[in-house]
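Asker:
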Amino acid sequence: MQTVTPVSPSAGTGSTNPSAIAAKVIPAIVDINTVVQTASGTSQAAGTGLIITSTGDVLTNNHVVEGSISIRVAIQGRSGTYVAEVVGVDPTDDLAVIHIQGVSGLPVVTMADSSTLQVGDSVLAIGNALGLGGAPRVTQGQITALNQSITASENGTNSEQLTGMIQSDAEISPGDSGGALVNAAGQVVGIITAGEAQGFRSSSTTVNYAIPSSPAVSIANRILAGQAGNGVIIGPVGYLGVSVETLDPQTASQLGLKITSGALVRSVQADSPAQSAGIKTGAVITGVNNTVIDSSRALGDALHQFKPGDHVKVTWLYQGATHSATVTLISGPAV
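In structure tokens:
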């Protein structure tokens with residue numbers, strides 16, 4: 008088993024030439040292209056990943072591969088694309104490791120110890136901006152804040168609370184998620200994750216957030232070692248087939264609902280366990296087995312415990328009536 012070891016950062020000792028800095032990292036940056044299951048069928052999405060082992064393990068954001076039924080990766084300097092599969096994910100920290108099939112001898116990024124980062128440090132953001140593929144785009148900036156807490160979401164649904172984030176002013180765009188925030192020595196100090204207040208796949212912005220490299224490396228190593236638990240999920244998880252958001256009192260009032268918490272269903276995937284059970288858009292999921300569901304996060308956490316083929320009882324409220332059904336989960340993302 009290969010593991011990733013962060014090195015002491017070499018801030019201030021690297022090149023001042025952005026092109027020279029980026030050249031150290033770009034060979035180990037990959038484009039990730041996915042086919043994602045949606046309520047109405049499928050759609051395509053794109054992101055970025057960092058090669059962390061020479062045999063094809065890639066670190067990226069969980070939201071880059073979440074919901075995917077197909078993953079293909081483009082490697083710098085190699086023609087065509089390669090099939091990849093999910094090794095494991097940590098949805099709470101928005102991290103995932105995927106494995107590129109049939110490759111070896113790949114260049115890897117150098118991960119720095121992020122604990123000594125300071126506001127004002129110069130950084131580059133490198134990623135698959137706008138999902139265009141080809142050579143990654145490189146933008147310059149500096150760290151503007153540390154230890155930030157944010158709420159990010161995918162088109163207003165499945166929101167996540169992320170803490171300990173690095174904030175920088177290097178411009179990022181959709182497709183940069185999973186990309187590298189790099190110091191002057193060409194070492195990765197963060198995993199690009201979200202733009203200001205607009206969610207994971209937001210428009211271009213110069214206020215962006217990255218997961219620090221040190222905790223990212225720790226989680227990646229747990230995934231590579233197959234150590235499930237404490238947020239880490241190894242292999243496929245049970246899939247219900249809904250897109251949800253947390254129901255709050257304001258939304259409940261607007262919708263005329265009698266309850267004020269739960270997981271509000273915004274869409275239901277065709278031919279999913281949820282659809283088979285009769286769960287409809289506008290329903291509020293309130294329970295999974297004996298677990299009370301009071302938010303989208305609670306639903307994800309509850310379903311993370313199950314594998315494809317497991318039977319679970321789901322309880323929901325729809326048009327004033329309470330319903331429940333036992334469903335058989337299929338393979339897919341957690342919700």
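One point on numbering: in our numbering, the residue at position 288 of the sequence shown is 295, and numbering is uninterrupted.
Backbone N, C-alpha and C define an ideal beta-carbon position, used for all residues, glycine too.
The structure displayed is predicted, hence computed values, not measured ones.
Have a look at H318 and P222 and give me their C-alpha separation to the nearest angstrom.
Answerer: Looking at the two C-alpha atoms, the distance is approximately 34 Å.
Asker: I need the DSSP call for I230, collapsed to helix, strand or coil.
Answerer: Reduced to three states, the DSSP call for I230 is helix.
Asker: With a threshold of 6 Å on Cβ separation, who are the neighbours of A136 within its own chain once the five nearest residues in sequence on each side are excluded?
Answerer: Taken in chain order, the residues that qualify are R144, S180, G182, D183.
Asker: Can you list, in chain order, the stretches of the alpha helix (DSSP H) that have 4 or more residues and sit fully within the segment 56-119?
Answerer: With a minimum length of 4 residues, the continuous alpha helix (DSSP H) runs that stay inside the segment 56-119 are 69-72.
Asker: Going by CA-CA distance only, name the one from G148, N297, V43, N228 that's closest to P13.
Answerer: Closest option to P13, Cα to Cα, is N228.
Asker: Which residues share a DSSP beta bridge with Q312?
Answerer: DSSP, once it has assigned bridges, lists no residue as partnering Q312.
Asker: Would you mind stating whether L247 and V291 have Cβ atoms separated by less than 8 Å?
Answerer: No, these two residues do not count as a Cβ contact at 8 Å.
Asker: Can you check which of these residues, Q147, A232, M172, S220, is closest to P16 by C-alpha distance?
Answerer: Here the closest residue by C-alpha is S220.
Asker: At what residues does the beta strand (DSSP E) containing D258 begin and finish?
Answerer: As written in the sequence, residue 258 is Thr, which differs from the Asp given in the question. From DSSP, T258 is part of no beta strand (DSSP E) but of the alpha helix (DSSP H) over 256-262.
Asker: Per DSSP, which residues does P34 bridge with? Please list them.
Answerer: DSSP, once it has assigned bridges, lists no residue as partnering P34.
Asker: Grab the span of the beta strand (DSSP E) containing A281 for me, first residue to last.
Answerer: From DSSP, A281 is part of no beta strand (DSSP E) but of the alpha helix (DSSP H) over 280-284.
Asker: Mind reading off the beta-carbon distance from S129 to A191? Whole number of angstroms is fine, and I expect it under 8 Å.
Answerer: The Cβ separation is near 6 Å, so the contact holds.
Asker: Could you check where the beta strand (DSSP E) with S331 kicks off and where it finishes?
Answerer: Here the beta strand (DSSP E) through S331 covers 328-335.
Asker: Assign V344 to one of two classes, buried (16 or more other C-beta atoms within 10 Å of its C-beta) or exposed (fewer than that).
Answerer: No answer is possible for residue 344: it lies beyond the span of the chain, which begins at 8 and ends at 342.
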